[in-house]
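Protein chains in written order, with our numbering: chain A, 1 to 326; chain B, 1001 to 1326. Virtual Cβ for every residue (Gly too), placed ideally from N, Cα, C.
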Amino acid sequence: METKDLSRYSKEFLHGLLEKMLLIRRFEEKAAQMYGLQKIGGFCHLYIGQEASGVGSVSAVDLSRDYVLTAYRDHGIALACGMKPGFLMAELFGKVNGCSKGKGGSMHFFDTSLHFLGGNGIVGAHIPVATGVALKVRLKRESGVVLCFFGDGAIHQGSFHESLNMAQIWKLPILYICENNQYGMGTDFRRVSAVTDFTIMGSSYGIEGKQVNGMDVLDVYETVSDEVNRIRKNNSPGFLEIRTYRYKGHSMSDPARYRTREELNAYREQDPLLLLKTRMINNNQITEEQFEAIDHRLKKLCDDAVKFAEKSEEPALKSLYEDVYA
Amino acid sequence: MPVITVREALRQALEEEMDRDENVILIGEEVAEYNGAYKVSVNLLDKFGPDRVIDTPISEEGFTGIGIGAALVGLRPVVEWMTVNFSLQAMDQVYNNAAKMLYMSGGQLNVPVVFRGPNGPAEYLGSQHSQALQSIFCHCPGLKVMAPSSAYDAKGMLKTAIRDDNPVVFLESELMYGWKGEVPETEYVIPFGEANIKRSGADVTLISFSKPLKLLMDASVELDKEGIDTEVIDLRSLKPLDEITIYNSVKKTNRCVIVDEAWPFASVGSHVAYLVSRNCFDYLDAPVLLISSEDVPMPYNHRLELAAQPSVKKIIDAVKQVSYRI
């Protein structure tokens, strides 16, 4: 594994990245376990393997003025935005203390106070919505930038192409981030895309794309920071393809037989957590013992999240008709 | 009192609401420089500028979703669909985002957006441009639906729709834009859920909304000559629906004919017929009848397209049938 000079980063910052990624890993492992125990039902899409993408990106924005929207694989990005594991686990359990009062589920995490606007279940359908958020930022002459995450499966939806076109003609402050985990459900993206270099997907709309190594949280952080700074200055949209990899199936019901063990193992060798941890150890910014202590703390945090979810009440039946209309 | 067209009444509502609240914007195809495909937005670009009156490319899914996104963060967009036929391109945005965001976010995100445009058949427009799609919108919880039948209602109802904190589908009619009526210069609004008794009568309750109201009024004049005194109810607000006014009328007349220019299967008309049968069963002296469009795509030929739609003759025949006068 390569070494990298980390001297431009503070120790606190690096620890923050590492902890956030590790929290996501442990939360998702716990969610999988709870799914196996049938505490969680329905669709449950895990973010394991993709932690660097969400954490590196969200670390580059300021959620007092910027906004984040993603698709249904939303646990990791919700945690990266600062949502508390207990509220998320309670939501997965369908409990009233969940972030969406038990009515959203795995795919519909929201926290407006953190400018995290979902948690959106239809492939590509939130891309226009994110673009509308950017329209408001632009019309109100605010300084925010919108991060719009979606997967490689969404990039062939008309909603993506319509949105990029309008974002460019109106010069909207939005960064479109394709988290290319290389499989749209069970389909290798190379089988269903006329081009395999997604960085050119914005070219028809005059938006220059960049590819990012999604296993390297610092690469993600630096590239997203550069793009966000550029967008804040020029008010024109950007596009990134973050090459990443999910270790688990598309959802809990998917054994992922469409790919080889060799491929999975090759990605595990460049695991985003392992990569950052090794670099930090090589730069004397963490020890194995310190890492273990952090891990122990985060595992306990996730255990506590389960306890919180277990203890939370079922939503009252009368809540069925609440929040249909404002 | 000034006599103005429905088109001008809608324009006044837009202008007054844009004056009243700087967060109201108008977005859609041809709304700005062209003044609207049906000239509803005349002079609004000149008055409010391109930040608030926004021409879009032909991207219905895209700009409908953009309206929704902007509504999530504080704007109150009025999205114009050039015709409601084209809303089918955007239906995923309406159903999955506008209608559900409040519910699945546990009450965090409401969507104050208005989708408006001409609905229902005009003349000689063929199958794809002559559809009355109100049933689709009324089917979906989370949406409110309005359909005015006069200049007075058009203005008062559109103002209500714009001020509402929910997504509202506002259904106009191409042939109605030129209809004239009295509209006061002083401000007024017409609330949701209030039907209007257009004609008071004792013998048969006639129920409809939007453009077919005129057919009901014309039929009532003819029926009056034959000694049948009809009560005509204009629903105005389809969702929420003013059930009380309907039931009170049917309990008085004991007979009910419903006219809805949509297709018959699972329509607003068929639902109202169910409600009346369910809630006024003991009062009914005849089965409830529904005059709908024929269950066929709209033909181009004028004789055929008229035959496909509700008509004064069809209404008169139905009224006579429930009165056992045939």
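Beta-carbon separation of V1042 (chain B) and G1036 (chain B) under 8 Å? Here residue 1042 (chain B) is taken as the residue at index 42 of the second sequence, counted from 1. Here residue 1036 (chain B) is taken as the residue at index 36 of the second sequence, counted from 1. With respect to G1036 (chain B), V1042 (chain B) sits close: the two C-beta atoms are nearer than 8 Å.
Using only alpha-carbon positions, find the residue among A:E208, A:L92, A:V212 and A:D66 that is nearest to E314 (chain A). The residue labelled residue 314 (chain A) in the question sits at position 314 within the first sequence. Taking only the C-alpha atoms, the option nearest E314 (chain A) is A:L92.
Leaving out the 5 sequence neighbours to the left and right, which residues in its chain are closer than 7 Å to V228 (chain A) when beta-carbon positions are compared? Working through the first sequence from its first residue, we reach residue 228 (chain A) at position 228. Take V228 (chain A), set aside five residues on each side of it, and the residues of its chain with a beta-carbon closer than 7 Å to its own are A60, V61, V145 and L175, in chain order.
In the DSSP assignment, the beta strand (DSSP E) including K1198 (chain B) goes from what residue to what residue? Within the second sequence, the letter at position 198 stands for residue 1198 (chain B). Here the beta strand (DSSP E) through K1198 (chain B) covers N1196 to R1199.
Spell out whether any CB of chain A is found under 8 Å from the CB atom of N1085 (chain B). Mapped onto the second sequence, residue 1085 (chain B) falls at position 85. No, its Cβ sits nowhere closer than 8 Å to a Cβ of chain A.
So, does the stretch 1257-1273 of chain B touch the stretch 1088-1097 of chain B, judging by three or more C-beta pairs under 8 Å? No contact exists between the stretch 1257-1273 of chain B and the stretch 1088-1097 of chain B.
Mind checking whether L1171 (chain B) and N1097 (chain B) have CB atoms under 8 Å apart? Translated into the one-based positions of the second sequence, residue 1171 (chain B) becomes position 171. Translated into the one-based positions of the second sequence, residue 1097 (chain B) becomes position 97. It is not a contact, given that the beta carbons lie outside the stated cut-off.
Residues, ordered as in the chain, of the stretch 1120-1136 of chain B that lie near chain A by beta-carbon distance below 7 Å: So nothing in the stretch comes that close.
When DSSP builds the beta bridges, which residues end up paired with E1146 (chain B)? As a position in the second sequence, residue 1146 (chain B) is number 146, starting the count at 1. Reading the sequence as shown, one finds Met at residue 1146 (chain B) and not Glu. The partner list for M1146 (chain B) (beta bridge, DSSP) reads B:F1170 and B:S1237.
The stretch 1104-1111 of chain B / the stretch 1148-1162 of chain B touching (three or more Cβ pairs under 8 Å): Not touching, per the Cβ criterion.
Going by other Cβ atoms of all chains shown within 10 Å of its Cβ, with 16 needed for buried, is G42 (chain A) buried or exposed? Here residue 42 (chain A) refers to the residue found at position 42 when the first sequence is read from its first residue. Looking at its Cβ environment, which holds fewer than 16 other Cβ atoms inside 10 Å, G42 (chain A) is exposed.
Neighbourhood of K277 (chain A) by C-beta, 8 Å cutoff - its chain only, sequence neighbours within 5 removed: Taking the first residue of the first sequence as 1, we reach residue 277 (chain A) at position 277. Answer for K277 (chain A): L18, I286 and F291, listed in chain order.
Check whether M1298 (chain B) and G1126 (chain B) have beta carbons under 8 Å apart: To locate residue 1298 (chain B), count along the second sequence from 1; it is residue 298. To locate residue 1126 (chain B), count along the second sequence from 1; it is residue 126. Taking 8 Å as the Cβ cut-off, M1298 (chain B) and G1126 (chain B) qualify as a contacting pair.
Local Cβ density within 10 Å of G1028 (chain B), reported as buried at 16 or more and exposed below that: On the second sequence, residue 1028 (chain B) is found 28 positions in, with the first residue counted as 1. In summary, G1028 (chain B) is buried, with 16 or more beta-carbon neighbours lying within 10 Å of its beta-carbon over all protein chains present.
Between the CA atoms of S1267 (chain B) and D1285 (chain B) - distance to the nearest angstrom: Numbered from its first residue, the second sequence carries residue 1285 (chain B) at position 285. Numbered from its first residue, the second sequence carries residue 1267 (chain B) at position 267. If you take the alpha carbons of D1285 (chain B) and S1267 (chain B), they lie about 24 Å apart.
Determine the chain C residues that contact I1068 (chain B) at a beta-carbon separation under 8 Å, and present them in chain order. Of the protein chains in the structure, A and B, none is chain C.
Among B:E1080, B:E1015, B:E1226 and B:P1191, which residue has its Cα nearest to the Cα of R1325 (chain B)? Mapped onto the second sequence, residue 1325 (chain B) falls at position 325. The shortest C-alpha separation from R1325 (chain B) is found at B:E1226.
If you draw a straight line from the alpha carbon of Y247 (chain A) to that of G49 (chain A), how long is it in whole angstroms? Reading the first sequence from its first residue, position 247 is the one you call residue 247 (chain A). Reading the first sequence from its first residue, position 49 is the one you call residue 49 (chain A). If I take the Cα positions, the gap works out to 5 Å.
Span separating the alpha-carbon of P255 (chain A) from that of A1071 (chain B): For the purposes of this step, residue 255 (chain A) is taken as the residue at position 255 of the first sequence. For the purposes of this step, residue 1071 (chain B) is taken as the residue at position 71 of the second sequence. When only Cα atoms are considered, P255 (chain A) and A1071 (chain B) end up about 40 Å apart.
For H296 (chain A), does the count of other Cβ atoms within 10 angstroms reach 16, so buried, or fall short, so exposed? Counted from its first residue, the first sequence places residue 296 (chain A) at position 296. Exposure of H296 (chain A) is indicated by the presence of fewer than 16 other C-beta atoms within 10 angstroms of its C-beta.
Which residue spans inside the stretch 94-155 of chain A form an unbroken beta strand (DSSP E) run of at least 3? The qualifying runs are 116-119 and 146-151.
Jot down the residue ranges of each uninterrupted beta strand (DSSP E) in the stretch 1187-1230 of chain B, minimum 3 residues, whole runs only, in chain order. The stretch 1187-1230 of chain B is shown to contain whole beta strand (DSSP E) runs of 3 or more residues at 1196-1199 and 1204-1208, in chain order.
So who's on the other strand from E241 (chain A), going by DSSP bridges? Locating residue 241 (chain A) in the first sequence gives position 241, where the first residue counts as 1. Paired residues: A:C178 and A:Q211.
E1029 (chain B) by DSSP, collapsed to three states: which one? Position 29 of the second sequence, counted from the first residue, corresponds to residue 1029 (chain B). It is coil, neither helix nor strand.
Is there a Cβ from chain B that is less than 8 Å from the Cβ of L147 (chain A)? Here residue 147 (chain A) corresponds to residue number 147 of the first sequence, with the count starting at 1. Not an interface residue.
When you compare each of A:L88, A:M201, A:I177 and A:K101 to A71 (chain A) by their alpha carbons, which one comes out closest? Counting from one through the first sequence, the residue named residue 71 (chain A) turns up at place 71. Of the residues A:L88, A:M201, A:I177 and A:K101, the one whose Cα lies closest to the Cα of A71 (chain A) is A:I177.
Does Y72 (chain A) come out as helix, strand or coil in the three-state DSSP assignment? Looking up residue 72 (chain A) in the first sequence gives position 72. Residue state for Y72 (chain A) is assigned as coil, using DSSP reduced to three classes.
At 7 Å on the CB atoms, spell out the chain A contacts of E1061 (chain B), in chain order. Within the second sequence, the letter at position 61 stands for residue 1061 (chain B). Within chain A, the C-beta atoms nearer than 7 Å to that of E1061 (chain B) come from P128, G158, S159 and E162, in chain order.
Chain-order list of residues whose beta-carbon lies under 8 Å from that of C99 (chain A) (same chain, five-residue window excluded): Indexing the first sequence from 1 puts residue 99 (chain A) at position 99. The beta carbon of C99 (chain A) lies closer than 8 Å to those of A78, M83, F87, L88, A90, E91, F109, F110 and D111 in the same chain, with the five residues before and after it left out.
Start and end residues, alpha helix (DSSP H) containing V1312 (chain B): Translated into the one-based positions of the second sequence, residue 1312 (chain B) becomes position 312. V1312 to V1322 is the extent of the alpha helix (DSSP H) around V1312 (chain B).
Would you please verify whether the beta carbon of D323 (chain A) is less than 8 Å from any beta carbon of chain B? Numbered from its first residue, the first sequence carries residue 323 (chain A) at position 323. At least one beta carbon of chain B lies nearer than 8 Å to the beta carbon of D323 (chain A).
Whose C-alpha, out of B:E1222, B:A1202, B:F1209 and B:K1211, is nearest the C-alpha of D1229 (chain B)? In the second sequence, residue 1229 (chain B) corresponds to position 229, counting from 1. Measuring C-alpha to C-alpha distances from D1229 (chain B) to each of B:E1222, B:A1202, B:F1209 and B:K1211 identifies B:A1202 as the nearest.
Sheet register partners of C1256 (chain B) (DSSP bridge): In the second sequence, counting from the first residue as 1, residue 1256 (chain B) sits at position 256. Looking at the DSSP output, C1256 (chain B) sits in a beta bridge with B:T1205.
List the residues of chain B that I122 (chain A) touches, going by C-beta distances under 7 Å, in chain order. Here residue 122 (chain A) is taken as the residue at index 122 of the first sequence, counted from 1. Contact note: I122 (chain A) reaches chain B through D1092 and N1096, using a C-beta cutoff of 7 Å and chain order.
Taking the C-alpha atoms as reference points, what is the distance between Q168 (chain A) and S236 (chain A)? Sequence index remark: in the first sequence, residue 168 (chain A) carries index 168 (1-based). Sequence index remark: in the first sequence, residue 236 (chain A) carries index 236 (1-based). Distance from the CA of Q168 (chain A) to the CA of S236 (chain A), rounded to the nearest whole angstrom, comes to 6 Å.
Can you confirm whether N1043 (chain B), when its beta carbon is compared against all beta carbons of chain A, has any partner nearer than 8 Å? For this step, residue 1043 (chain B) is matched to residue 43 along the second sequence. By the rule that beta-carbons nearer than 8 Å mark a contact, N1043 (chain B) does not touch chain A.
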